[in-house]
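Chemist: Please find one structure pasted underneath; my questions will follow.
There are 2 protein chains.
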Amino acid sequence: MPSVTLKMIAKELSLSVATVSKALANSYEISDATKNIVLEAARKMGYIANPYASSLRKRRSKTVAVVIPEIADSFFAKVINGIEEVALFYGYHVLIYMTHESLSREQAIMQDFRSGRVDGILMSVSEQTDTVDHIKAVMDSNTPVVFFDRVREELPTTCIVTNDFESAFAATSHLISKNCRKIAFVGNSPALAINRNRESGYKAALKEHQITYENVLICGNDPENDYTILASLFRSDYRPDGIILSVEKLIQLLYQVCHDLNVNIPGQLKVLTFTNFAMAGFLNPPLSTINQPAYEIGKVAAQTLFKKLARTNHISEAESIVLPSEIIFRESSN
Amino acid sequence: MPSVTLKMIAKELSLSVATVSKALANSYEISDATKNIVLEAARKMGYIANPYASSLRKRRSKTVAVVIPEIADSFFAKVINGIEEVALFYGYHVLIYMTHESLSREQAIMQDFRSGRVDGILMSVSEQTDTVDHIKAVMDSNTPVVFFDRVREELPTTCIVTNDFESAFAATSHLISKNCRKIAFVGNSPALAINRNRESGYKAALKEHQITYENVLICGNDPENDYTILASLFRSDYRPDGIILSVEKLIQLLYQVCHDLNVNIPGQLKVLTFTNFAMAGFLNPPLSTINQPAYEIGKVAAQTLFKKLARTNHISEAESIVLPSEIIFRESSN
DNA sequence: CTGAAAGCGCTAACAG
DNA sequence: CTGTTAGCGCTTTCAG
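As you go down the protein sequences, you meet chains A and B in turn. Heads up: the first sequence at position 300 corresponds to 904 in the working numbering, and the numbers run straight through without jumps. Heads up: the second sequence at position 82 corresponds to 686 in the working numbering, and the numbers run straight through without jumps.
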């Protein structure tokens with residue numbers, strides 16, 4: 605199918621390519637009469653602009669990238685929904701990249717972006733990300749980055765986060781009010797600010813109640829290993845009577861462990877989890893959750909990025925936008 | 605940042621642009637000596653090819669599109685994972701588009717693809733899709749399409765599906781063996797082959813057991829309305845003792861309805877659902893599921909697409925690849 | 001208001 | 001093996 609080009613329309617109408625181009629761009633330089641003729645011809649001939657020619661010339665791709673650890677996660681899936689809505693509004697296209705929690709993968713992806721493939725980037729860093737050189741390099745090449753959820757605050761850009769410290773503090777306090785005295789916290793990576801904030805909130809609540817029992821676990825990417833870690837919690841004298849999970853995918857594992865070891869929730873163990881998982885209320889027992897405003901985070905992140913793209917001066921400063929989470933208490937923490 | 609171009613490398617090395625281009629492409633026409641010099645210079649100067657210039661010239665974008673109804677769905681999220689893995693292997697980029705079950709949105713997206721923005725398309729049609737003109741138009745413009753899950757078999761291309769008829773048949777038979785005699789089936793859209801196949805499997809099983817009770821409901825996109833539809837099931841003499849859900853997002857609603865109306869699962873109602881939802885075993889009660897091989901479907905769909913892209917002759921025929929689902933019986937159907 | 005010309009950065013014939 | 005030439009299809013000065 606020889607697709608229709610500007611040149612063909614120009615020839616058809618005995619106009620110049622430049623005029624046709626401007627007419628289609630609705631330039632003030634072109635008369636209404638000509639615009640109508642061109643528009644009509646374009647429609648009739650089925651003209652569709654070649655985005656690659658246009659991008660090459662304009663040095664803008666009308667495309668943004670979303671870089672996330674994983675898509676099969678209710679939080680990230682909802683964030684993408686929010687991003688997509690805003691991108692659609694601005695006529696932008698959305699490229700998706702997953703790091704699968706690998707720093708080297710993340711570096712390779714960022715390296716590619718130095719080509720100008722995308723106009724901007726929305727990202728949540730991997731668990732392994734303990735350096736930001738690869739991100740800085742892209743920002744230096746004039747491609748703005750907006751972080752969400754898993755942010756790196758040392759870079760001069762906007763971070764969209766939720767109130768992780770406060771949520772963890774409130775969650776821990778709630779468990780304490782339910783008479784838990786040995787509360788464990790399970791995070792994923794000490795390198796992540798989000799994880800540190802939650803851990804700090806947890807510790808601050810313990811301190812406020814002069815509780816000395818502290819038990820911070822790190823669970824990674826290997827389900828078998830994580831199962832062992834979680835199971836070992838209940839095989840010692842050090843066993844907790846409450847637990848806060850910072851990672852959605854550990855829910856299943858914890859429920860499995862408790863099932864296998866006959867640990868009753870909430871009788872022997874009260875549970876609260878950071879998650880966005882819609883069915884939490886129908887688990888057995890119903891799971892208390894700290895719900896992040898995922899869709900909103902996606903929307904605000906995208907809006908922030910487009911604001912940056914609209915600006916000509918690219919002086920960007922470190923800045924945080926905090927959208928509050930909501931805790932829903934259910935039977936698992938009662 | 606004035607990014608490095610071929611021209612700059614060429615000037616630096618006193619070579620022609622063409623030679624540099626070929627050297628970087630590892631062309632057999634270029635001597636190893638020159639290749640090394642060029643590669644080294646490119647590395648040192650931080651050269652990264654402009655993908656838009658390259659795509660314009662080569663008429664290949666190295667990009668595929670994934671068009672799905674919704675991303676916040678465990679099935680589609682896993683499919684994307686599979687697609688992404690294969691795309692990564694081939695050095696392709698993945699654009700994501702959501703139709704949100706709207707035909708007009710789907711048409712607008714396909715319209716855009718006539719621009720050659722993507723080399724190929726992987727898609728699952730919307731509930732509303734009762735015409736294929738918009739898809740055919742893209743295929744006619746030489747952009748191959750591979751369908752998965754929600755397919756349109758009338759188009760000459762490959763469809764990756766699972767054994768929906770057999771699964772529904774087996775699920776229904778299982779409920780019958782558990783003494784259900786009034787089994788309802790809840791689907792989403794009569795326009796979708798996938799839905800019709802499941803419905804047919806359901807009906808075939810009923811017929812085989814000479815059961816005359818048949819109750820097919822259609823639930824759409826409006827949760828409130830769907831709640832009403834599901835709730836009304838239990839308020840009449842026609843109320844079922846078994847139910848098969850064809851739609852993941854109805855699980856929550858059904859559990860809610862049963863909770864609100866004090867319908868005991870599985871005592872008064874046995875439930876089986878098509879879903880890929882990882883936590884199904886920890887719901888209350890544990891939910892029997894028909895698990896589609898989502899990740900595999902994504903991989904096979906992508907592999908099929910890349911095979912088509914590799915071919916020069918673009919004669920494509922209607923063809924189905926069937927990957928079997930797996931039924932996991934849990935308490936909800938016992 | 002319209003058009004001619006130049007060129008974004010790259011690749012592909014084709015000569016040499 | 002290397003270079004010259006000619007664009008891909010579009011946008012943008014700049015003249016007229």
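Backbone N, C-alpha and C define an ideal beta-carbon position, used for all residues, glycine too.
Just checking: is the beta-carbon of residue 887 (chain B) within a distance shorter than 7 Å of some beta-carbon in chain A?
Modeler: Yes, residue 887 (chain B) lies at the interface with chain A (some Cβ there is under 7 Å from its Cβ).
Chemist: On the DSSP letters alone, give me the boundaries of the alpha helix (DSSP H) that residue 835 (chain A) sits inside.
Modeler: Where residue 835 (chain A) is concerned, the enclosing alpha helix (DSSP H) stretches over 827-837.
Chemist: Pull the bridge partners of residue 623 (chain A) from the DSSP assignment, please.
Modeler: Bridge partners of residue 623 (chain A): none, in fact.
Chemist: Any beta-carbon of chain A closer than 7 Å to the one on residue 934 (chain B)?
Modeler: It does not; no Cβ of chain A falls within 7 Å.
Chemist: So which residues on chain A does residue 698 (chain B) lean against when the C-beta distance must stay under 9 Å?
Modeler: Within 9 Å Cβ-Cβ: 699, 700 and 701.
Chemist: Three or more beta-carbon pairs under 8 Å between the stretch 752-771 of chain A and the stretch 919-931 of chain A, yes or no?
Modeler: Yes, the stretch 752-771 of chain A is in contact with the stretch 919-931 of chain A.
Chemist: How long is the line joining the alpha carbons of residue 878 (chain A) and residue 619 (chain B), rounded to whole angstroms?
Modeler: C-alpha separation (whole angstroms): 58 Å.
Chemist: Go ahead and pull the three-state DSSP assignment for residue 697 (chain A).
Modeler: In the structure shown, residue 697 (chain A) sits in a strand (DSSP, three-state: E or B).
Chemist: So is residue 760 (chain B) buried or exposed if we call it buried at 16+ other beta carbons inside 10 Å?
Modeler: Label assigned to residue 760 (chain B): exposed.
Chemist: Counting beta carbon pairs with one atom in the stretch 771-785 of chain A and one in the stretch 809-829 of chain A, are three or more of them shorter than 8 Å?
Modeler: Touching, per the Cβ criterion.
Chemist: In chain order, what residues of the same chain lie with their CB nearer than 7 Å to the CB of residue 687 (chain B), ignoring the 5 residues before and after it?
Modeler: Hits under 7 Å: 670, 698, 726, 902, 905 and 906.
Chemist: Pull up the distance between the alpha-carbon of residue 655 (chain A) and that of residue 720 (chain B), whole angstroms please.
Modeler: Between residue 655 (chain A) and residue 720 (chain B), the C-alpha separation is close to 8 Å.
Chemist: Going by CA-CA distance only, name the one from B:657, B:806 and B:914 that's closest to residue 785 (chain B).
Modeler: The residue with the shortest Cα to Cα distance from residue 785 (chain B) is B:806.
Chemist: So, for residue 920 (chain B): in the same chain, excluding its five sequence neighbours on each side, which residues have a beta-carbon less than 6 Å away from its beta-carbon?
Modeler: Closer than 6 Å at the Cβ level, and outside the excluded window around residue 920 (chain B), lie 760 and 761.
Chemist: Going straight from the alpha carbon of residue 895 (chain B) to that of residue 875 (chain B), what length do you get?
Modeler: Roughly 14 Å between the two C-alpha positions.
Chemist: According to DSSP, is residue 666 (chain B) part of a helix, a strand, or is it coil?
Modeler: Residue 666 (chain B): coil per DSSP, three-state reduction.
Chemist: Output, in chain order, the set of chain A residues within a Cβ distance shorter than 8 Å of residue 831 (chain B).
Modeler: Here the premise fails: no neighbours, minimum Cβ distance about 14 Å.
Chemist: I need the straight-line Cα distance from residue 793 (chain B) to residue 829 (chain A), nearest angstrom please.
Modeler: Between residue 793 (chain B) and residue 829 (chain A), the C-alpha separation is close to 43 Å.
Chemist: Pick out whichever of B:635, B:641 and B:684 has its Cα sitting closest to the Cα of residue 899 (chain B).
Modeler: Checking every option, the nearest Cα to that of residue 899 (chain B) belongs to B:684.
Chemist: Would you check if the distance between the CB atom of residue 771 (chain A) and the CB atom of residue 753 (chain A) is smaller than 7 Å?
Modeler: No.
Chemist: Does any residue of chain B have a CB that is nearer than 7 Å to the CB of residue 682 (chain A)?
Modeler: True, the Cβ-Cβ gap to chain B drops below 7 Å.
Chemist: Give a yes or no on contact between the stretch 847-859 of chain B and the stretch 883-897 of chain A, applying the rule of three or more CB pairs nearer than 8 Å.
Modeler: At 8 Å Cβ cutoff, the stretches touch.
Chemist: Out of B:796, B:695, B:658 and B:845, point me to the one whose CA is closest to residue 781 (chain B)'s CA.
Modeler: Closest option to residue 781 (chain B), Cα to Cα, is B:845.
Chemist: From what residue to what residue does the beta strand (DSSP E) around residue 879 (chain B) run?
Modeler: Where residue 879 (chain B) is concerned, there is no enclosing beta strand (DSSP E), given that its DSSP letter is neither H nor E.
Chemist: Let's test the definition: count the other Cβ atoms within 10 Å of the Cβ of residue 718 (chain B) and tell me whether it reaches 16, buried, or not, exposed.
Modeler: Answer is buried; the Cβ neighbour count reaches 16.
Chemist: Flag this pair as yes or no: are the beta carbons of residue 639 (chain B) and residue 627 (chain B) separated by less than 7 Å?
Modeler: Yes, these two residues count as a Cβ contact at 7 Å.
Chemist: Between residue 645 (chain B) and residue 672 (chain B), is the Cβ-Cβ spacing less than 7 Å?
Modeler: Not closer than 7 Å, so no.
Chemist: By the DSSP assignment, the beta strand (DSSP E) with residue 895 (chain B) in it spans what residues?
Modeler: 892-895 is the extent of the beta strand (DSSP E) around residue 895 (chain B).
Chemist: For residue 892 (chain B) and residue 937 (chain B), which I take to be in contact (beta-carbon distance under 8 Å), what is that distance rounded to the nearest angstrom?
Modeler: Indeed, because the Cβ distance is near 4 Å, the residues count as touching under 8 Å.
Chemist: With 7 Å as the threshold, decide whether the Cβ of residue 649 (chain A) is near any Cβ in chain B.
Modeler: By this cut-off, residue 649 (chain A) is not an interface position.
Chemist: Mind checking whether residue 946 (chain A) and residue 681 (chain B) have CB atoms under 7 Å apart?
Modeler: This structure gives no information on residue 946 (chain A), because the portion of chain A shown stretches from 605 to 938.
Chemist: Closest to residue 755 (chain A) by C-alpha separation, out of A:742, A:734 and A:745, would be which residue?
Modeler: Ranking the options by Cα distance to residue 755 (chain A), first place goes to A:734.
Chemist: Let me check understanding here. Comparing Cα to Cα, which of A:838, A:935, A:694 and A:861 lies closest to residue 665 (chain A)?
Modeler: The residue with the shortest Cα to Cα distance from residue 665 (chain A) is A:694.
Chemist: Which ranges does the beta strand (DSSP E) cover as unbroken runs of at least 3 residues, wholly within the stretch 730-789 of chain B, from first to last along the chain?
Modeler: Segments of the beta strand (DSSP E) lying fully in the stretch 730-789 of chain B: 749-752 and 762-766.
Chemist: Tell me which residue opens and which closes the alpha helix (DSSP H) that residue 867 (chain A) is part of.
Modeler: Note, residue 867 (chain A): premise wrong, no alpha helix (DSSP H); not H, not E.
Chemist: Find the residues of chain A that neighbour residue 675 (chain B), judging by a C-beta separation of less than 7 Å, and give them in chain order.
Modeler: 681, 684 and 685, listed in chain order.
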